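These notes concern the structure reproduced below.
Set out below in structure tokens:
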């Protein structure tokens, strides 16, 4: 089932999981969701201390777990492409940890994150498989966490590449 604008507003979990509509993009919803996350970060980051932003991330993860689980159940799929909250939270983590960084450094972080999230090399593929439903079972809390987990691993891979680049140069 492809979600619609009507689906977006049918349950309180849907707007969150679908990145407030960014997951409804007909092409590359994960990329659109990541771009939305970047815009929101730019708009609101200066309003929060590091401690407050850490609390926002923790809350976004907890609420996102619930929202992704409920929305996956309603869509009847363990990891629907329209669910982009995983990209949002993971990219917020990347941006928070690389800041202060200018636009071009953040753009590099964006490209790296999208590569790791889409191509799923090594540890990201492992994380993606870890919580998949077996035998067509309905999505449960483990799958809801799994939706978030592989993107968090993609974020960590992105941060590792950036840290190695900074160390090397």
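In this note's numbering, the protein residues as written are 32 to 200. We put the beta carbon where it would ideally sit given N, CA and C, even for glycine. Quick caveat, the model's predicted, so the values are computed rather than measured.
Between residue 157 and residue 68, is the Cβ-Cβ spacing less than 8 Å? No, the pair does not count as a contact, with Cβ atoms beyond the cut-off.
With 16 as the cutoff for other CB atoms within 10 Å, does residue 186 come out buried or exposed? So residue 186 ends up on the buried side.
What span of residues does the alpha helix (DSSP H) with residue 102 cover, start to end? Counting along the chain, residue 102 sits inside the alpha helix (DSSP H) bounded by residues 81-106.
Taking one C-beta from the segment 162-181 and one from the segment 82-90 each time, how about it: are there three or more such pairs within less than 8 Å? No, they do not touch.
Let's test the definition: count the other Cβ atoms within 10 Å of the Cβ of residue 61 and tell me whether it reaches 16, buried, or not, exposed. Residue environment analysis places residue 61 among the buried positions, since at least 16 neighbouring C-beta atoms fall within 10 angstroms of its C-beta.
Can you name the start and end residues of the alpha helix (DSSP H) that residue 44 belongs to? Note, residue 44: alpha helix (DSSP H), 44-48.
Among 72, 120, 84, 109, which residue has its Cα nearest to the Cα of residue 94? The residue with the shortest Cα to Cα distance from residue 94 is 120.
Grab the span of the alpha helix (DSSP H) containing residue 118 for me, first residue to last. Looking at the DSSP string, the run of the alpha helix (DSSP H) that includes residue 118 is 116-129.
When we look at the beta-carbon of residue 43 and count the other beta-carbons within 10 Å, is it buried (16 or more) or exposed? Classification for residue 43: exposed.
Local conformation of residue 177 per DSSP, three classes: Here residue 177 sits in helix by DSSP.
Against chain C, with Cβ distances strictly below 8 Å, would residue 71 count as a contact? Reference to chain C is not applicable here, since this structure consists of a single protein chain.
What residue range is occupied by the uninterrupted alpha helix (DSSP H) comprising residue 55? It is not in any alpha helix (DSSP H) - residue 55 carries neither H nor E in the DSSP assignment.
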